[in-house]
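J.:
Number of protein chains: 2
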Amino acid sequence: MANPTAAMLVIGDEILSGRTRDSNMYFLAGELTKHGIDLKEVRVVNDDAPAIINAVQALSARFDHVFTSGGIGPTHDDITADCIAAAFDAHIDVRADARALLEAHYKATGLELNTARLRMARIPDGAVLIDNPVSTAPGFTIENVHVMAGVPAVFEAMVAGLLPTLIGGAPLMSQSVRVMRGEGEIAGTLGALAAEFSDLSIGCYPFHTDGVYGANIVVRGSDGARVNAAVTRLSQELDV
Amino acid sequence: MANPTAAMLVIGDEILSGRTRDSNMYFLAGELTKHGIDLKEVRVVNDDAPAIINAVQALSARFDHVFTSGGIGPTHDDITADCIAAAFDAHIDVRADARALLEAHYKATGLELNTARLRMARIPDGAVLIDNPVSTAPGFTIENVHVMAGVPAVFEAMVAGLLPTLIGGAPLMSQSVRVMRGEGEIAGTLGALAAEFSDLSIGCYPFHTDGVYGANIVVRGSDGARVNAAVTRLSQELDV
Numbered sequence: 001m002a003n004p005t006a007a008m009l010v011i012g013d014e015i016l017s018g019r020t021r022d023s024n025m026y027f028l029a030g031e032l033t034k035h036g037i038d039l040k041e042v043r044v045v046n047d048d049a050p051a052i053i054n055a056v057q058a059l060s061a062r063f064d065h066v067f068t069s070g071g072i073g074p075t076h077d078d079i080t081a082d083c084i085a086a087a088f089d090a091h092i093d094v095r096a097d098a099r100a101l102l103e104a105h106y107k108a109t110g111l112e113l114n115t116a117r118l119r120m121a122r123i124p125d126g127a128v129l130i131d132n133p134v135s136t137a138p139g140f141t142i143e144n145v146h147v148m149a150g151v152p153a154v155f156e157a158m159v160a161g162l163l164p165t166l167i168g169g170a171p172l173m174s175q176s177v178r179v180m181r182g183e184g185e186i187a188g189t190l191g192a193l194a195a196e197f198s199d200l201s202i203g204c205y206p207f208h209t210d211g212v213y214g215a216n217i218v219v220r221g222s223d224g225a226r227v228n229a230a231v232t233r234l235s236q237e238l239d240v
Numbered sequence: 241m242a243n244p245t246a247a248m249l250v251i252g253d254e255i256l257s258g259r260t261r262d263s264n265m266y267f268l269a270g271e272l273t274k275h276g277i278d279l280k281e282v283r284v285v286n287d288d289a290p291a292i293i294n295a296v297q298a299l300s301a302r303f304d305h306v307f308t309s310g311g312i313g314p315t316h317d318d319i320t321a322d323c324i325a326a327a328f329d330a331h332i333d334v335r336a337d338a339r340a341l342l343e344a345h346y347k348a349t350g351l352e353l354n355t356a357r358l359r360m361a362r363i364p365d366g367a368v369l370i371d372n373p374v375s376t377a378p379g380f381t382i383e384n385v386h387v388m389a390g391v392p393a394v395f396e397a398m399v400a401g402l403l404p405t406l407i408g409g410a411p412l413m414s415q416s417v418r419v420m421r422g423e424g425e426i427a428g429t430l431g432a433l434a435a436e437f438s439d440l441s442i443g444c445y446p447f448h449t450d451g452v453y454g455a456n457i458v459v460r461g462s463d464g465a466r467v468n469a470a471v472t473r474l475s476q477e478l479d480v
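Chains A and B supply the protein sequences, listed in that same order.
Read in order, the letters of the first sequence are residues 1 to 240 in my numbering.
Read in order, the letters of the second sequence are residues 241 to 480 in my numbering.
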């Protein structure tokens, strides 16, 4: 059976302006691969309501899961929760369960649960909360969309709690072969092998170090025996 | 006048599988910001023809420029050039100008210009070549799409050559204020300021270090005087 598919939606001006280098995409890609969910597409959009709503609707219709990061804090530019609600035509307001979490947290820390912070309890009707063990304010899942924070430590903790609840498939196995020859030398061999092992993904990633051309050939697939067979053949044919 | 808009399309299984952490997006975002071109969306897709073609058509129709990275090497998984041609219904084959560049390069290095390497001279009719000072094989521009390599050193060199040929707008000015208070404390002030300075983008990026909550507030806009005015007001109101 084919693995479940997924897309990610990264929300935030700071990525598109070049201020921040995204790390959540790299983290999620690795975790999904281990869990047997195939990440098929990533989109990055601004803190802009139509852009977020359109992307969520497009991705949610095409993939089994959509994971979002960013835009669920207390400030004016945190518009993700309301956009997700709009995308699914769901009612959204401060919800009692999320509010209770925040009340307990701010009571314990001695800070005021003011209007801004209460925004973080805005959860669409029908959504299931995603636990935030770092800073309490929850994410949520509605339909097939999992809405999480952009701060990497919080995003990673939310993913760690969420993923075991999602049905995965066969984890993707991966082996690589390093060749100290240019891509152009080995492309013929690789192409023939890729055609024969069409159930596997065979990628070629060139590098250029100290004037020497080389390539890492990465063979990926969910059947470990097939990956082994392809790598063995590759090593023989390229004599490495 | 509003700045030109842009999207980026990153092509490659290695990003979506979590094997490689993308750096081209971060690089391009910074360069475009300096050049006054507004990066509005990024998409990452697999080495998959329908995914590439659909994304190129969608982004090319919506933005002034589309920048792609990846998939223009000599191996079987390098399908970007053919997909771009298909997206614009353009004829593609080995083109004399690109072939001449490769012939000179491989003659100088003593390597054979074999069938695989000749694939890198496949350029759609009507496209303009993009110079590759690192490893010769060119990128190209067709319509409003700029097709470049995925290897970061090559991508960055291509961008450096290409950008000065594109009309930019006002570079985005950016100033930031660091506040050692949680987002929830300052959200009200920020929201009021964002409403008043609606021509600027005011983002709030929280952090949590050694048990202390803080936030970097970033004010961006193309009018430096307005950015200064907003930052001055912000510093007064937050007393930093």
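Beta carbons are placed, not taken as given, at the ideal position from N, Cα and C, and that holds for glycine.
Kindly say whether P74/A, judged by its beta-carbon, lies nearer than 7 Å to any beta-carbon of chain B.
T.: In terms of beta-carbon proximity, P74/A lines the interface with chain B, with at least one pair separated by less than 7 Å.
J.: Pick out whichever of K34/A, T20/A and G73/A has its Cα sitting closest to the Cα of V44/A.
T.: T20/A
J.: Answer yes or no: does any C-beta atom of chain A fall closer than 7 Å to that of T245/B?
T.: T245/B does not count as touching chain A.
J.: With a threshold of 6 Å on Cβ separation, who are the neighbours of A326/B within its own chain once the five nearest residues in sequence on each side are excluded?
T.: So the qualifying residues of the chain are I293.
J.: Contact criterion: CB-CB distance below 7 Å. Does D450/B meet it with respect to chain A?
T.: no
J.: Note the first and the last residue of the continuous alpha helix (DSSP H) segment covering G431/B.
T.: E423 to E436
J.: Counting C-beta neighbours from all protein chains within 10 Å, is the total for T33/A 16 or more, i.e. buried, or is it exposed?
T.: Result: buried.
J.: Going along chain B in order, which residues have a C-beta closer than 9 Å to the C-beta of D13/A?
T.: S441, G443, V458 and R460
J.: Can you look up V231/A in the DSSP assignment and give me helix, strand or coil?
T.: V231/A falls in the helix class under three-state DSSP.
J.: Beta-carbon of R233/A versus every beta-carbon of chain B: anything under 7 Å?
T.: no
J.: Just checking: is the beta-carbon of E237/A within a distance shorter than 7 Å of some beta-carbon in chain B?
T.: no
J.: Considering Cα atoms alone, identify which of V250/B, V419/B, M388/B and R357/B is closest to D371/B.
T.: M388/B
J.: T33/A CB to nearest chain B CB: under 7 Å?
T.: Using beta-carbon distances, T33/A counts as an interface residue toward chain B, with a partner under 7 Å.
J.: Mind reading off the beta-carbon distance from G18/A to G270/B? Whole number of angstroms is fine, and I expect it under 8 Å.
T.: About 3 Å; that satisfies the 8 Å criterion.
J.: Span of the alpha helix (DSSP H) holding R178/A?
T.: Premise fails: R178/A lies in the beta strand (DSSP E), M173 to V179, not in any alpha helix (DSSP H).
J.: Using CA atoms only, rank isn't needed, just tell me which of H146/A, A90/A and M173/A is closest to A7/A.
T.: H146/A
J.: Residues in its own chain within less than 7 Å of L190/A by CB, not counting five upstream and five downstream?
T.: I202, C204 and I217
J.: When you compare the CB of R117/A with every CB in chain B, is at least one pair closer than 7 Å?
T.: yes
J.: Spell out whether any CB of chain A is found under 7 Å from the CB atom of S309/B.
T.: no
J.: Pull up the CB-CB distance for D77/A and D97/A, whole angstroms please, since I reckon it's below 8 Å.
T.: So it is not a contact: roughly 25 Å between Cβ atoms.
J.: Return no unless some Cβ of chain B is closer than 7 Å to the Cβ of V45/A.
T.: yes
J.: Anything in chain C within Cβ reach of S198/A, meaning under 9 Å, just list it in chain order.
T.: No chain C appears in the structure shown, which is made up of the protein chains A and B.
J.: In chain B, which residues lie less than 8 Å from E103/A when you measure between Cβ atoms?
T.: None at all; the shortest Cβ gap to chain B is about 13 Å.
J.: Just to confirm, is the Cβ distance from G311/B to I251/B under 7 Å?
T.: By the CB criterion at 7 Å, G311/B and I251/B fall inside the cutoff.
J.: Along the chain, where does the beta strand (DSSP E) that runs through R19/A open and close?
T.: In the DSSP annotation of this structure, R19/A is not part of any beta strand (DSSP E), being labelled neither H nor E.
J.: Hey, how far is the Cα of A435/B from the Cα of A49/A?
T.: 16 Å
J.: Can you say whether T355/B is buried or exposed, counting buried as having 16 or more other CB atoms within 10 angstroms of its CB?
T.: T355/B is exposed by the Cβ-count criterion.
J.: Check each candidate in R226/A, Y213/A and P133/A and name the one with the smallest Cα separation from E156/A.
T.: P133/A
J.: Do you know offhand how far E183/A's Cα is from G313/B's?
T.: 8 Å
J.: From the DSSP output, in three-state form, read off H65/A for me.
T.: strand
J.: Taking 7 Å as the threshold (C-beta atoms), are T381/B and V368/B in contact?
T.: yes
J.: Are R99/A and A81/A closer than 7 Å when you measure CB to CB?
T.: A81/A is positioned such that its CB atom lies no closer than 7 Å to that of R99/A.
J.: Using CA atoms only, rank isn't needed, just tell me which of L238/A, F197/A and D239/A is closest to D223/A.
T.: F197/A
J.: Taking the straight line between their C-alpha atoms, what separation do you get for Q236/A and V154/A?
T.: Cα-Cα distance, rounded: 46 Å.
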